[in-house]
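For the record, the sequence lines run as chains V and U.
For the first sequence, our numbering gives the first residue as 9, with consecutive numbering after it.
For the second sequence, our numbering gives the first residue as 25, with consecutive numbering after it.
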Amino acid sequence: MTIDWAWIGDHLGDIWQATREHFLYTVIAVSFGLLISFALALVALRWPRTYGPITWVTGVLYTIPSIALFTFLVPVFGLTSILTAQVALVSYTLLILIRNIVAGIRGVPDHVVEASRGMGMTERRIFLDVQLPLAMPAIIAGIRVAAVTTVGLVTLTVIIGAGGYGLFILRGIGRRFLTEALVGTVAAVLMAVVIDRALVALERAATPWARRRRPA
Amino acid sequence: MIEFFREVADWFADPTHWTGNRGLPNLMAAHIGLTVVSLAAAAILALPLAVYLGHKRRGGALAVSMVNIGRALPSFGVMGVVFPITLAFSVTATPLGYWATFVAMVLLAMPPMFVNAYTGIRDVDASLVEAARGMGLTERQVLTAVELPLALPLVMAGIRTAAVAVVATVTLSAWLGYGSLGTYVFIGFAQRDQVTVFVGGLTVAVLAVITELGLGGLERLVDPLRVIRRRHRRLPE
């Protein structure tokens with residue numbers, strides 16, 4: 009049971025191709041998830057009564073096992089369709105993202121909003137220039153969880169015929185070949201870590217006021 | 025669409041799907057069996073350590089890294105890596121794919137169990153713990169009479185999260201050749217048979233929902249403070 013380094017060297021092209029697919033699937037799913045979540049979060053903030061039903065429905069979607077959800081979408085979109093995978097992946101990000109966006113916006117202290125209103129800002133400006141920036145750490149925290157989870161779930165899309173790192177894992181299992189399965193797994197973990205770190209950097213860039221000022 | 029659901033209903037009505045190796049009762053039993061064994065092993069590994077560290081109020085970094093690893097490590101990948109390794113140990117009398125799935129499920133279940141138990145115990149109101157010590161309770165009594173009862177809902181929530189995740193993911197064992205409800209999904213895809221694929225997904229989903237609701241009910245039932253909590257909730261704001 010040793011690692012076949014020569015195999016890795018021979019398949020760098022395949023690994024790069026899988027990396028691009030895996031990353032693309034993740035980015036598409038999280039982007040659409042963010043778009044839908046943002047719209048639903050706005051609804052929940054505008055009409056607080058809808059928050060319960062929205063989290064209930066997205067909670068049910070979140071509880072359905074991913075493989076089961078893939079199979080439910082098969083009669084709708086077909087056995088091997090990119091849509092089958094994407095709809096399932098997007099539906100997993102919703103609960104995490106909506107909760108974080110709503111909690112982030114609601115967590116902005118009342119006195120800050122009051123002060124902005126007192127300065128004569130319109131509600132729209134208050135939302136865009138005060139509440140949204142202050143909620144950014146909570147929102148990005150949600151995106152981090154959603155993105156890392158999605159990277160892991162994309163490895164499963166191979167069972168419905170999609171690509172990505174799952175292909176190495178599935179073929180490694182089929183050929184009982186440790187190196188190939190290991191490449192897929194390690195690469196997926198690395199991608200999760202890299203995306204997570206990148207989002208932390210983005211959060212720092214988006215919240216310059218949170219950086220500790222150095223003493224003069 | 026209606027035609028499709030009729031075919032699914034016909035599948036369940038077919039008596040040949042209820043007997044034999046690939047019959048629903050057999051695969052369901054294998055699925056639940058592997059789930060229970062994995063959860064028990066994960067609980068034995070994770071909970072005592074979590075309770076100890078929570079009681080000592082140490083090891084926060086470990087909890088954080090457990091969460092991160094749990095999230096980033098794909099179960100399918102763990103199975104793929106462990107599978108060839110288990111094949112090298114030809115002593116295994118158990119069916120193909122059993123141990124690889126077991127290892128992946130233990131790794132999947134440990135983080136939520138550990139983190140919930142750990143934070144639950146650690147975040148028990150420090151003044152209550154102080155008061156218990158001041159009343160002369162031993163460390164052991166502080167743990168069993170104060171911290172554990174107060175932390176029980178969170179401990180149970182961790183077990184529930186782990187159980188739902190494992191029930192859902194044991195499905196993948198079919199790709200290693202170990203029969204579970206995932207076998208229907210696996211065979212269905214191989215034969216391009218949407219009905220069988222759907223049956224697999226449906227049974228797994230139903231099992232996951234039963235697990236979620238069942239453990240939620242158990243959680244309320246075993247909560248020694250449920251009467252107090254309920255009364256507390258009823259107090260006017």
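Note that CB positions come from ideal geometry on N, CA and C, so glycine has one too.
query, result
"For T34(V), which residues of its own chain have a beta-carbon under 6 Å away from its beta-carbon, when the five flanking residues on both sides are left out?", "T158, V159 and V162"
"Whose C-alpha, out of A96(U), M159(U), L172(U) and P49(U), is nearest the C-alpha of Y76(U)?", "L172(U)"
"Does any CB atom of chain V fall closer than 8 Å to the CB of L57(U)?", "Sequence inspection shows Gly at residue 57(U); the Leu mentioned does not correspond to that position. No, no contact with chain V."
"Pull up the distance between the alpha-carbon of A14(V) and that of A26(V), whole angstroms please.", "18 Å"
"Could you tell me the distance, in whole angstroms, from the CA atom of F107(U) to the CA atom of V246(U)?", "38 Å"
"The ligand FMN heavy atoms versus the CB of N140(U): any closer than 7 Å?", "No copy of the ligand FMN occurs in the structure displayed, which carries no ligand at all."
"Just reading off the alpha helix (DSSP H) that E171(U) is part of, what are its end residues?", "Run containing E171(U): none; DSSP gives neither H nor E here."
"At which residues does the alpha helix (DSSP H) containing N50(U) begin and terminate?", "L48 to K80"
"Could you check whether the Cβ of R133(V) sits closer than 8 Å to any Cβ belonging to chain U?", "no"
"Name the chain V residues that come within less than 9 Å of E236(U), Cβ to Cβ?", "T71"
"Taking only the alpha-carbon atoms, compute the straight-line gap between L51(U) and L103(V) and give it to the nearest angstrom.", "31 Å"
"Does Q218(U) come within less than 8 Å of chain V when only Cβ atoms are used?", "yes"
"Output the boundary residues of the alpha helix (DSSP H) element that contains S197(U).", "Per DSSP, S197(U) belongs to no alpha helix (DSSP H) and is neither H nor E."
"Hey, is the region 143-151 of chain U in contact with the region 202-221 of chain V, meaning 3+ C-beta pairs nearer than 8 Å?", "no"
"So, for Q165(U): in the same chain, excluding its five sequence neighbours on each side, which residues have a beta-carbon less than 8 Å away from its beta-carbon?", "A156"
"When you compare the CB of A200(V) with every CB in chain U, is at least one pair closer than 8 Å?", "yes"
"Using a Cβ-Cβ cutoff of less than 6 Å, which residues in the same chain neighbour R2(V) once the five nearest sequence positions on both sides are dropped?", "Given a span of 9 to 224 for chain V in the structure shown, any question on residue 2(V) remains unanswerable."
"Going by beta carbon distance, what residues of the same chain come within less than 7 Å of E261(U), once the five residues before and after it are set aside?", "Only weak support exists for where E261(U) lies, its pLDDT of 42 falling under 50; the value from the coordinates is given anyway. Cβ within range, chain order: n/a, list empty."
"G206(U) touches chain V at which residues, Cβ-Cβ below 8 Å?", "I75"
"Helix, strand or coil for Q218(U)? Go by DSSP, reduced to three states.", "helix"
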